[in-house]
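For the sequence shown, our numbering assigns the number 463 to the initial residue and increments by one for each residue that follows. Glycine included, C-beta positions come from ideal geometry on N, C-alpha and C. Reviewing the structure listed below.
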Amino acid sequence: MKKLILIPLILFAFLTVNAKGISDMDYVVTKNATYFCQDITIGLLNYKCTLEDGEVLSLKLNEIRAYKKDGRIFERLPIYQENQATGSTSFMELLGMKDELKLFKYVNYVNTATQNLPIDEYFVYRNGVYVLELTPKSGPNVLKFFGR
C-alpha cells in the first residue's frame with residue numbers, strides 16, 4: 463500500500479522538477495495570436511515554430527510582431543536615423559524596461575567597400591513609439607537609468 467502511494471508522489475515530483483515554466487518558453491506573437499514554441503527556426507522570409515504537440519507552424523516574417531528565443535526578446539519597431547523615421551521596421555532586442563520605457567539594441571549593417579560591418583545602436587521606446595537614440599553623451603545616464 464505504501465508503494466502505491468509513493469509511486470505517484472515520486473512521479474509528480476519528477477514532472478514538477480522537469481516542467482518548463484511558461485515564462486521560460488519561446489514564443490512568437492502575430493497580430494492575431496501568440497504561439498508558444500518548443501523550437502523556433504528563423505529563416506530569411508519565414509519563421510518556423512514547433513508547438514508542444516510537434517506541429518510545425520510556418521509564419522511569414524512580415525506577420526510577426528515579436529518573439530522570444532533562447533531567453534532573448536525581440537520586438538518589431540520603426541527604425542530611426544538621426545531622429546528621423548526611415549519608414550521601415552526591424553526586430554530589436556529588448557535589453558531593459560523601466561515603467562513604460564524600453565531600452566532596445568538594434569544591429570545596423572553598414573556597407574563598406576569590402577564588407578558589411580555590424581554596428582550596435584541603442585534606442586528607447588515608449589509603447590512602441592520612438593523616444594530617444596543613445597549617443598555617447600546621453601548613453602551613460604540612460605544606461606544608468608535602466609540599471610545597466
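Can you give me the Cβ contacts of residue i inside the same chain, cut-off strictly under 6 Å, excluding the 5 residues immediately before and after it?
i, result
"TYR592", "TYR542"
According to DSSP, is residue i part of a helix, a strand, or is it coil?
i, result
"ASN508", "strand"
"LYS599", "coil"
"PHE498", "strand"
"LEU513", "coil"
"PHE607", "helix"
"ASP486", "helix"
Please work out which residues of its chain come closer than 8 Å, Cβ to Cβ, to residue i, disregarding the five sequence neighbours upstream and downstream, and give them in chain order.
i, result
"VAL518", "LYS510, CYS511, THR512"
"GLY558", "LYS564, LEU565, PHE608, GLY609, ARG610"
How would you call residue i, buried or exposed, if buried means at least 16 neighbouring beta carbons within 10 angstroms?
i, result
"VAL490", "buried"
"VAL586", "buried"
Taking only beta-carbon atoms, is residue i less than 8 Å away from chain C?
i, result
"GLY516", "The displayed structure is made up of one protein chain only, and chain C is not part of it."
To which residues does DSSP link residue i through a beta bridge?
i, result
"THR503", "LYS510"
Exercise for review: Let me know the beta strand (DSSP E) ranges lying completely inside the segment 537-568, each 3 residues or longer, listed in chain order.
Suggested key: 546-560
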